[in-house]
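Q: Got a structure for you, questions after.
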Amino acid sequence: MMRNYRKHSFTLIELLAVIGITALLIGVFAPAFSRMMSGGQVDQMASNFKTGMELAQAKAIASNKFVAMIMPGKFDEISDPKIKPFTGGGYRLAFVRKEGSAWHFVSWVPGSSWTNMSDGAMVAAVERGKNWWDNGANDDGKNRKFKPLPNVTDSSDQLLSGFSNLTAVVGKDSEDEDVKSLGTYDAGTGKNDNFRGIIFSPLGGCAGGETPFLFFVTEGKVSGSTYSYSNKDNFIVLKLNPITGKVSYLPMEDEEETEESTGE
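If you number the sequence shown the way our numbering does, the last residue is 1513 and the count never jumps.
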């Protein structure tokens, strides 16, 4: 005995209902997913930037030479499209030497390449350690709350001016194409103002005095010829001690309060 099976088809109303529910779910969860992804990019950018400084320090000690963590400056003035995406937190390690008051590019560290592409997150600013707490009392990160990100604008030269506290590195007489591609290279003087270097000594410390540097990593991207920061409230701060060369995360106030309340 054969049974007749009736194939059921969705009605137009049922299809519209499914589409409506799907659209509603996308509208509810998409922003949260986007925020989660952006937060992850900030974490990754900060982690990679911290790793870069630690690698530069280790290489300086091992080679008994000065090693700079080179960072591009103005996006507009970089001629090489391969380097442009690394503006705002990207870096490459190089050997440098000091002549008079200036540091000069010598050569790239063998095996090093441009890394830490700024895709959704950027190192938006760097400041000296003190006075970036609401009460401006200390730079130890304890029981303090950060002010809004310092000196963060949408200016196309923000990253260069933001890193003005770091040591300038010039590509004197350099024939390296990556150095020239960073822009504003003057063949007459051998000077290149469009990149900065965090320079580590063979003893492990770095150039730049005794006051710690604070690096502010936040959500951001290059938009045309300017820098766009979509969420300045989502940021991580790294602290570099120039005497020891140690790099650490600075905790937010609420994180410290949580640790104290749990007795950790």
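Even for Gly, the Cβ is constructed at its ideal location relative to N, Cα and C.
None of the values given here were measured: they were computed from a predicted structure.
Check each candidate in Lys1429, Thr1467, Gly1269, Gln1290 and name the one with the smallest Cα separation from Phe1444.
A: Among Lys1429, Thr1467, Gly1269, Gln1290, the Cα nearest to that of Phe1444 is on Lys1429.
Q: With a threshold of 8 Å, are at least 3 pairs of Cβ atoms found where one atom belongs to the region 1448 to 1456 and the other to the region 1324 to 1336?
A: no
Q: With H, G and I counted as helix, E and B as strand and the rest as coil, what does DSSP make of Ser1296?
A: helix
Q: Does DSSP classify Ser1362 as helix, strand or coil?
A: coil
Q: Between the alpha carbons of Glu1426 and Gly1349, how many angstroms are there, rounded?
A: 25 Å
Q: For the region 1350 to 1360 against the region 1488 to 1500, do three or more pairs of beta-carbon atoms, one drawn from each stretch, fall closer than 8 Å, so that the two count as touching?
A: no
Q: So the beta strand (DSSP E) Ser1356 belongs to, where does it begin and stop?
A: Bounds of the beta strand (DSSP E) holding Ser1356 are 1351 to 1357.
Q: Can you tell which of Glu1459, Ala1266, Phe1354, Ser1479 has the C-alpha that lies nearest to the C-alpha of Val1466?
A: Ser1479
Q: My understanding is that Met1366 touches Tyr1340, with C-beta atoms under 8 Å, so please give their C-beta distance in whole angstroms.
A: Not a contact, Cβ separation roughly 11 Å.
Q: Are the beta-carbon atoms belonging to Phe1344 and Trp1363 less than 8 Å from one another?
A: no
Q: Could you please give the first and the last residue of the uninterrupted beta strand (DSSP E) stretch that includes Ser1477?
A: 1475 to 1477
Q: Among Thr1260, Asn1483, Ala1417, Ala1295, which one has its Cα closest to the Cα of Val1496?
A: Ala1295
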